[in-house]
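One structure is given here, and the rest of the page talks about it.
Chains as they are written, first to last, in the numbering used here: chain G, 1 to 259; chain S, 260 to 518.
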C-alpha cells in the first residue's frame, strides 16, 4: 500500500518547535508535505487574505525528504493554497496542524489559527486534526506528545471522521505522572476575561496591550478543560455549521420572528 | 424608560457606507456608541490581536450626538475594547455589526469579520446581531435595509436572545419586487471553491491572488442561501460552541477512541 499523504500546517510559523515535532512524527506514518505561515499567526482565528497578495516559497529548513513551503498568509490560506495549488490533483489522506505552543481548549478554538487550518481541511472534506500542547513555557517539553499525536493520526487514517468534523486535540503539559489516556470531550464553557493595559508611547499617544484571565464556568467532567486538568488528552470533535438549531423555535415563537 | 445603549461595530471600517446607515438606524432607537476598525478588516474571521499593541482614538466623522472610536485592531478586538475599556461599567443592551457590504451567508460566517464582532458580543452575554447586504456592487443601495435592520433590532431588544446565540442577518440586494419577509434559517451547505491566480511581480518573483467561485450544494428551502435567492431576509441563529455532539458516539465506538 502507498504511504498516506499528510499535509502539515500550523499557526506558530514554519520555524516553530511544534511543527518540527509534528513533521517528525508524521514522517514515520506517511509522506509529508508542509505548507505553513512564514511568521507567527497566533490568534488569527479563521482569517483569510482578501484584497491582498499571497507569497508562497519553497523552504529547505527540514530534511530533504520533506517537501515544504512557507506562505505569507494565514493558516486557512495555507491549507487553501496547499489543496488548490501545491497538491492540486493529489488528495491528502490527512491534514494536521500544530503542535500549537499553548492551549486551544474551550472558547480558544474560535481564536485559534491552529484549529482554523484543521477546520479548513474539514471544509474541504479531508480528515483533519489540530494538535495543541497546553504549556506556554518557552522551554515547553513536547516529547510526551509524540506518542499521542501518532496514535490519534493513525486512528483517524484507519477509521476516518464524520463529514464536516475536525478534531481539536489538546495535550496536557508534561507532569510527573504519565498521561491517563484520551477523552472525547465537549468544548468547555470557559472564556477569557479581558483587561486592557493602557500605556503612553514615547510621543505621548496612548496604546493598549490586551491581557486577561481565563475563567472556567464549567463544572462538568465531560469537557476539555476538565480533561486537561486531570491529565487526559482531550479530543473535541468540531463542526463548522454554526447554526444554533435549538434557538430556531424560540425565535419563531417567543422571539417574534414568526409573526 | 432610558433609551437602550447600542454598541455599533463592523469590519468594513469606520468610514464605510454600511456603518453609517446602521448608525443612523440605531440612533432612532437608542444611544449609540461606535467602536470600529480604522481600516477594512474583511475576511478577518475571529482574529484577535495577540503580541502586538492596539490603538484607540476618538473619531469625529459622525454627528455630535454619536460617541465614536476608531481602533487599529480587528472587529473582535473592537468589541472587547468597547466592553472592557470604553463602556466599562455600562452594559450595552444590544451589539450590532455591519451593515456589511457583501454577503455573509453559508460558510462565509466563519470568515466574516462582521459576524466575529457579533459572536464576540454573544460571548460577553450581550444580545448581538450582524447585518450584511448581499450586494458587492460599489454602488450598492442600502436604503431598503433600514426597515429590516430597525425591525430586527427592536425585536431583539424586546424579546432577547438565548444565551450564547448571535444572529447572522443577510438582506437581499435591492430588486424590483419588495422583500417578501424574514425567515429563520439554518446555515446553507455551500462553500467557496478557491482558485489561485499566479503572477510575477516586477522583480520576477511569483505571487498569488486568491479567487474562487461560490458553490451551493444545498437543495433545502430552510437555509440562508435559499432565503436570499427567494427575496427573503435570512436570520441564522449562530452559536460559538463548535462541539459536533453527533460525532462523539462515532468517535468512541467506530472511531477507535473508546478502546
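Note that CB positions come from ideal geometry on N, CA and C, so glycine has one too.
Computed from a predicted model, the values in this text were never measured in an experiment.
I'd like the list of long-range same chain contacts for residue i, defined as Cβ closer than 7 angstroms, with 5 residues on each side in sequence excluded.
i                      : result
residue 237 of chain G : 165 and 167
residue 142 of chain G : 17, 18, 21, 99 and 133
residue 65 of chain G  : none
residue 345 of chain S : 292, 294 and 328
residue 318 of chain S : 273, 327, 328 and 329
residue 498 of chain S : 423 and 424
residue 413 of chain S : 288
residue 214 of chain G : 190 and 192
residue 336 of chain S : 307, 308, 313 and 330
residue 322 of chain S : none
residue 520 of chain S : Limits of chain S in this structure are 260 at one end and 518 at the other, which puts residue 520 of chain S out of reach.
residue 201 of chain G : 207
Within its chain, find whatever has a CB closer than 6 angstroms to the CB of residue i; leave out the 5 residues flanking it on each side and keep chain order.
i                      : result
residue 44 of chain G  : 74 and 113
residue 107 of chain G : 191
residue 270 of chain S : 300, 301, 334, 372 and 373
residue 189 of chain G : 217 and 218
residue 149 of chain G : 25 and 131
residue 482 of chain S : 444, 445 and 447
residue 403 of chain S : 433
residue 486 of chain S : 442, 444 and 493
residue 456 of chain S : 468 and 470
residue 510 of chain S : 516
Thinking residue i and residue j are a contact (beta carbons under 8 angstroms), I'd like their distance in whole angstroms, please.
i                      : j                      : result
residue 55 of chain G  : residue 504 of chain S : Actually they do not touch by this definition, with Cβ atoms about 40 angstroms apart.
residue 272 of chain S : residue 297 of chain S : 7 angstroms
residue 305 of chain S : residue 356 of chain S : Contact flag wrong, Cβ pair sits at about 12 angstroms.
residue 417 of chain S : residue 256 of chain G : 7 angstroms
residue 353 of chain S : residue 263 of chain S : 6 angstroms
residue 342 of chain S : residue 406 of chain S : Rounded, the Cβ-Cβ distance is 29 angstroms, inconsistent with contact.
residue 290 of chain S : residue 320 of chain S : At roughly 18 angstroms, the Cβ-Cβ gap does not stay under 8 angstroms, so residue 290 of chain S and residue 320 of chain S are not in contact.
residue 111 of chain G : residue 307 of chain S : 5 angstroms
residue 109 of chain G : residue 501 of chain S : 6 angstroms
residue 120 of chain G : residue 79 of chain G  : 4 angstroms
residue 429 of chain S : residue 364 of chain S : 5 angstroms
Following the continuous alpha helix (DSSP H) through residue i, name the residue where it begins and the one where it ends.
i                      : result
residue 286 of chain S : 276 to 286
residue 111 of chain G : 108 to 111
residue 227 of chain G : 224 to 229
How would you write the range of the beta strand (DSSP E) that residue i sits in, first residue to last?
i                      : result
residue 57 of chain G  : 56 to 58
residue 132 of chain G : 128 to 133
residue 36 of chain G  : 31 to 37
residue 496 of chain S : 491 to 498
residue 357 of chain S : 353 to 360
Using DSSP with H/G/I as helix, E/B as strand and the rest coil, what is residue i?
i                      : result
residue 210 of chain G : strand
residue 75 of chain G  : helix
residue 251 of chain G : helix
residue 6 of chain G   : strand
residue 114 of chain G : helix
residue 347 of chain S : coil
residue 327 of chain S : strand
residue 379 of chain S : helix
residue 63 of chain G  : coil
residue 505 of chain S : helix
Short of 8 angstroms in beta carbon distance, which residues of its chain neighbour residue i, apart from the five on each side in sequence? Order them along the chain.
i                      : result
residue 199 of chain G : 206, 207, 208 and 209
residue 440 of chain S : 491 and 492
residue 118 of chain G : 95, 96, 97, 128, 129, 130, 166, 167, 168 and 238
residue 212 of chain G : 192, 193, 194 and 195
Worksheet item: Which residue spans inside the segment 398 to 449 of chain S form an unbroken beta strand (DSSP E) run of at least 3?
Response: When DSSP assignments are scanned along the segment 398 to 449 of chain S, the uninterrupted stretches of beta strand (DSSP E) that are 3 or more residues long and fall wholly within it turn out to be 424 to 430 and 440 to 443.
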